[in-house]
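Quick note: the sequence shown uses my numbering, first residue 16, plus one each step.
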Amino acid sequence: MTLAPGTEILRYAAFTADPAGGNPAGVVPDAAGLDDAEQLAIAARLGYSETAFLRPIGDRAYAVRYFSPLAEVPFCGHATIASAVALGERLGPGGLRFETKAGTVPVEVVAGGDGVLSATLTSVEPSVEPVADADVTEALDALGWSRTDLDQALPPRIAFAGARHLVLATATRERLADLAYDFDRLTRFMTGLDLTTLQLVHRTAPDVFHVRDPFPVGGVVEDPATGAAAAAFGAYLREIDGVRDAELTLHQGEDLGRPGTLRVRIDPADRLIRVSGAAVRIPRRNPTRNPDPSS
16 MTLAPGTEIL RYAAFTADPA GGNPAGVVPD AAGLDDAEQL AIAARLGYSE
66 TAFLRPIGDR AYAVRYFSPL AEVPFCGHAT IASAVALGER LGPGGLRFET
116 KAGTVPVEVV AGGDGVLSAT LTSVEPSVEP VADADVTEAL DALGWSRTDL
166 DQALPPRIAF AGARHLVLAT ATRERLADLA YDFDRLTRFM TGLDLTTLQL
216 VHRTAPDVFH VRDPFPVGGV VEDPATGAAA AAFGAYLREI DGVRDAELTL
266 HQGEDLGRPG TLRVRIDPAD RLIRVSGAAV RIPRRNPTRN PDPSS
C-alpha cells in the first residue's frame, strides 16, 4: 500500500506509562487526504484493535474516525486517550474537542509530576438496557461459561457510552482469567446485537474491578484496555448498583501480559461518565513518516 507522501502514522500505548503495557493504538494526526479504504488498510496493517484518524476542524478541535482491522467503529476510548496525548505532546496540555460518529467527546490532557501525559475523556450520553435471557445463554455458550460462573449481584445488561457492550460479571477471578471462546460463534452473536465488545468483569472491592473485552467483530481476539467499554460500565454500575459518586479502578490486560489501568469517574452532577488514563509513545524501528504502516 502506498500512501500520500508525508502521511504520519503514530503508535501509542494507552492506559499505561509503559510502552509494553496497556492497549496499543494507531494515531494518524492528519487524515484529511485518506479515503475510507486507505484508513481501513492502515488499521489492518497495524493490526491494533483500533486506529484513530484525525482531521483538524478548528482550534484544538478534530473530526475523528476509528477503524479496527475489519471495520469502522463509532467510538474507541483507548485510541481517544492515545490521540489526545499525542496532540498534547505537540500542542501542550489542555482541552480538546473530538467530533466522533457517536457524538462530541471533550478530552482534557494533563501532565503528571513524572512528565507522563494523561487524558480524561467525557462520554456521550450513556444508556443501559436489559438483555434477553436467550441472548445471555448464547453468549455464555460461545464463551464456554455457565450460569453458575456469573455474579448474581451484577446481572447482565447492554451498556452504551459511544458503543454497545454486553456486561457479564463473573463470580471468580479464576473464571475471568480462563478465557477461551468460540471466535466465529461469538462474532455472529455480537454482530446480531450490534455489540462492539463483551465487557467481562470481576469485582475485587466496591470500586475495583478486573476486566476483559473479547473483540472478535473487530478481528481481534481481545482488546487489552477498553475505554469505551469502561465508560459504558460506569453507566451500568450507576444503574445496577446505585453508585452516584465514585472513582472506579479497572485493571485490564494482565492476562494478556499488557497490564493497564483505567479510572472511571461517576459524577453526581451529571449523567456523563469520565474515563482517564496515561499514554506513551511506542518506540519504532523506522522514522515516523513512512509510507508503510507496518514498519
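We put the CB at the ideal spot given by N, CA and C, even for glycine. None of the values given here were measured: they were computed from a predicted structure.
Between residue i and the rest of its own chain, which residues show a CB-CB distance below 7 angstroms, the 5 nearest in sequence each way excluded?
i, result
"I297", "R26, Y27, A28, P34, P39"
"Y196", "A157, L158, G159, P229"
"A186", "D164, L165, D166"
"S83", "A58, S64, E65, G233, G234, V235"
"T399", "Lying outside 16 to 310, the shown extent of the chain, residue 399 is not represented and no answer is given."
Quick one: what does DSSP say residue i is sitting in, helix, strand or coil?
i, result
"I281", "strand"
"Q167", "coil"
"V120", "strand"
"R259", "coil"
"Y251", "helix"
"R289", "strand"
"F68", "strand"
"P229", "strand"
"E189", "helix"
"E140", "coil"
"G127", "coil"
"A245", "helix"
"L271", "helix"
"R162", "helix"
Ignore the nearest five residues each way along the sequence and tell me which others in residue i's own chain have a CB closer than 6 angstroms to its CB.
i, result
"A117", "P89, F90, V139, G177"
"V143", "R172, A174, A250, Y251, E254"
"L287", "T137, S138"
"V151", "P171"
"P274", "G36, G268"
Since residue i is in the beta strand (DSSP E), which residue starts that stretch and which ends it?
i, result
"E153", "Counting along the chain, E153 falls outside any beta strand (DSSP E), though it belongs to the alpha helix (DSSP H) covering 148-158."
"R179", "179-184"
"D238", "235-238"
"I173", "172-175"
Rounded to the nearest angstrom, how far is the Cβ of residue i from that of residue j, given a contact under 8 angstroms?
i, j, result
"A99", "V79", "Incorrect: roughly 10 angstroms between the Cβ atoms, too far for contact."
"L271", "P239", "5 angstroms"
"Y77", "E104", "Actually they do not touch by this definition, with Cβ atoms about 15 angstroms apart."
"G36", "G268", "7 angstroms"
"A134", "V124", "5 angstroms"
"F68", "L85", "Incorrect: roughly 15 angstroms between the Cβ atoms, too far for contact."
"T264", "R278", "6 angstroms"
Cβ of residue i within 8 angstroms of Cβ of residue j?
i, j, result
"R75", "G109", "yes"
"L132", "T95", "no"
"L181", "A154", "yes"
"D45", "P71", "yes"
"T211", "A243", "yes"
"L201", "P231", "yes"
Leaving out five residues on either side along the sequence, give the residues of the same chain with a beta carbon under 8 angstroms from the beta carbon of residue i.
i, result
"T303", "Low local confidence applies: a pLDDT of 37 at T303 is under 50, so the model's placement there is unreliable, and no value is given."
"L194", "L158, L215, R227, P229, E237, D270"
"R188", "H217, T219, H225"
"R259", "R253, I281, P283"
Check for me: the alpha helix (DSSP H) holding residue i runs from which residue to which?
i, result
"S98", "92-106"
"L201", "198-207"
"D51", "51-61"
Less than 7 angstroms separating the Cβ of residue i from some heavy atom of the ligand SAM?
i, result
"I173", "In the structure on display, the ligand SAM does not appear, and there are no ligands present to speak of."
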